[in-house]
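What follows is a set of notes on a single structure, which appears directly below.
Protein chains in written order, with the working numbering: chain D, 1 to 308; chain E, 309 to 514.
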């Protein structure tokens, strides 16, 4: 285990160092500050310790076995075949042949070695090469207000109240996200769109953060970034479109790893999270464990791995 | 994340991409001849439902195209699935410079046009083959004949691996049977016990 712990970060570093000469002009400042979520933090480890002390060594052993290990168990990767980025892309592109290159995404799964309790990494990232195809945002607010103008300026495609409601009722839902201004919420509720928008996950609610005072800035956030969070010691996020070149994907992957490392070090001092494995997959493809290299001698030209 | 061993097993399915019908290298600019010029692009159009002879085309996409794409990563391959069931299923092969006589004869004298296929670029010529009512194997034979694609033989390791997986599949049939019998026996016993219990209760209440 310990030897792997040494091996993996170096592999991850390999990705970064192998691509040093490429240009990266855009400075990557995270759009959001790190939002930490304490999940049962503090109480658990201490409780464990005190109980173990009281009952002595023999009693403590079955206790821990029933509760399971405190860390997520990560198996040794020695049986896992690992691939260079270009080789993995070659297979994934073969699996996704004939599909729309802007819709199909490359996905990264970043596995961490971390405790089961404690804070999780949760943040937002802006990539050097934008992954999302323009998401269409609808804003529900009084059509002649200042908010409407700002939202339109920020890039919302549909702004209004009654005309939006009527379009939705007629079945014309031509947007992927829906925001609402608090002033319009009574009108929204009266229109009874919950049955139509609710199942699609488009109904604005304060709980989901889609009923906001400052509509325009929220629109900008939604258009720009990708939100990710750690679940069961894995961070999954789309990092590129199928049409991307290996260099573009490498830049995005590197940015992601950089930021996750920064997130991990920005957490609590006592919490250590380290990257353990990086898996590249696509919308319909299988997962390829990456070994941190960019390409081998047998890999095809990078120009061949671009486009459809 | 999924169990590591499941992931390792699943990853072995990439064997299907390396080996099988359609594992072939299409002629490129380097080894093109006059009769068989370099292939620059492939496009397949077929309808959403399989009736009307669109089955083979879909299977060609599912089975052969990934292998072709793996061995020819630089050749763009596009697939269009239409909702119009009446159009013929077509495969368009784009050649650099000219279309060889073999490809012309395979495409047939009756020219069909595929409105979904991208227009050929400058210096590109296309041959459109009607693949309606053909199986994917027949489609592949036509593609190979018209492009002179050189098939990539399976490497020794790949053959050995394929044999291993065939053996596992073989064993799985017996194992399934065994487990099914076991579960059935357990269920039967439980049912018998429940019935016996029911009878005891009946006799007590009576």
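By construction, the Cβ of each residue, glycine as well, lies at the ideal position given by its N, Cα and C atoms.
This structure is a prediction, so every number in the text was calculated from the model and none was measured.
Shown here for residue 349 of chain E: same chain residues with a beta carbon closer than 6 Å to its own, the five before and five after excluded, namely 384 and 402 in chain order. When the Cα atoms are used, residue 360 of chain E and residue 435 of chain E turn out to be separated by approximately 22 Å.
Residues of the same chain with a CB within less than 6 Å of the CB of residue 152 of chain D, apart from the 5 flanking positions on each side, are 159 in chain order. Just measuring C-alpha positions, the residue of D/74, D/67 and D/90 sitting nearest residue 295 of chain D is D/90. Under the 10 Å beta carbon count, residue 70 of chain D is surrounded by fewer than 16 other beta carbons and is classified as exposed. Its chain contains 437, 450, 453 and 454 as the residues whose beta carbon lies nearer than 7 Å to that of residue 414 of chain E, once the 5 sequence neighbours on both sides are disregarded; these appear in chain order. Neighbours of residue 211 of chain D in chain E, taken as residues at a C-beta separation under 9 Å, are lacking, since the least C-beta distance is about 34 Å. Residues are counted here when their Cβ sits less than 8 Å from a Cβ of chain D; for the region 383-406 of chain E these are 384, 385, 386 and 387, given in chain order. If only uninterrupted alpha helix (DSSP H) runs of at least 4 residues are considered, those enclosed by the region 339-425 of chain E are 363-367, 373-379 and 409-415. For residue 91 of chain D, the nearest beta carbon of chain E is closer than 7 Å to its own beta carbon. Excluding residues up to 5 positions away in sequence, 331, 332, 333 and 379 lie with their Cβ nearer than 7 Å to the Cβ of residue 460 of chain E in the same chain. With three or more CB-CB distances shorter than 8 Å, the region 71-88 of chain D counts as touching the region 266-284 of chain D. Fully enclosed beta strand (DSSP E) runs of no fewer than 3 residues occupy 226-231 and 234-241 of the region 190-273 of chain D, in order along the chain. Beta-bridge annotation (DSSP): residue 444 of chain E is not paired with any residue.
Using a Cβ distance threshold of 7 Å, residue 94 of chain D and residue 325 of chain E count as a contacting pair. Within a 10 Å sphere around the beta-carbon of residue 501 of chain E sit fewer than 16 other beta-carbons, which makes this residue exposed.
A distance below 6 Å between beta-carbons, with the five flanking residues on each side excluded, links residue 368 of chain E to the following residues of its chain, in chain order: 444 and 447.
Closest in alpha carbon position to residue 236 of chain D, among D/247, D/283, D/204 and D/211, is D/283. Between the region 123-143 of chain D and the region 290-306 of chain D there are fewer than three C-beta pairs closer than 8 Å, too few to call the two in contact. Contact between residue 307 of chain D and residue 243 of chain D holds: CB atoms are separated by about 5 Å, below the 8 Å threshold. In this structure the region 397-411 of chain E lies against the region 337-356 of chain E, because at least three pairs of beta carbons, one per stretch, are closer than 8 Å. According to the DSSP secondary-structure assignment, residue 333 of chain E is paired through a beta bridge with E/458. When DSSP states are grouped into helix, strand and coil, residue 123 of chain D belongs to the strand group. In this structure, residue 245 of chain D and residue 162 of chain D do not form a Cβ contact; the two beta carbons are roughly 46 Å apart against a cut-off of 8 Å. Comparing alpha-carbon positions, the option among D/145, D/256, D/232 and D/188 lying closest to residue 166 of chain D turns out to be D/188.
Residues of the region 64-83 of chain D with a Cβ closer than 8 Å to any Cβ of chain E, in chain order: 75, 77, 79, 80 and 81. In this structure, the straight-line span from the alpha carbon of residue 392 of chain E to that of residue 357 of chain E is close to 9 Å. Rounded to the nearest whole angstrom, the C-alpha separation of residue 140 of chain D and residue 239 of chain D is 30 Å. Contacts between residue 309 of chain E and chain D, judged by CB atoms closer than 8 Å, involve 109, 111, 232, 233, 234 and 279 in chain order. For the pair residue 353 of chain E and residue 398 of chain E, the CB atoms are nearer than the 7 Å cut-off. By the 16-neighbour rule on beta-carbons within 10 angstroms, residue 375 of chain E is buried. Look at residue 303 of chain D here: in three-state DSSP terms it is helix.
By alpha-carbon distance to residue 217 of chain D, the top candidate from D/137, D/171 and D/112 is D/137. When secondary structure is reduced to three states using DSSP, residue 291 of chain D falls in the coil class, being assigned neither helix nor strand. Interface annotation for the region 312-334 of chain E against chain D: 312, 315, 316, 318, 319, 321, 322 and 325, criterion Cβ-Cβ distance under 7 Å.
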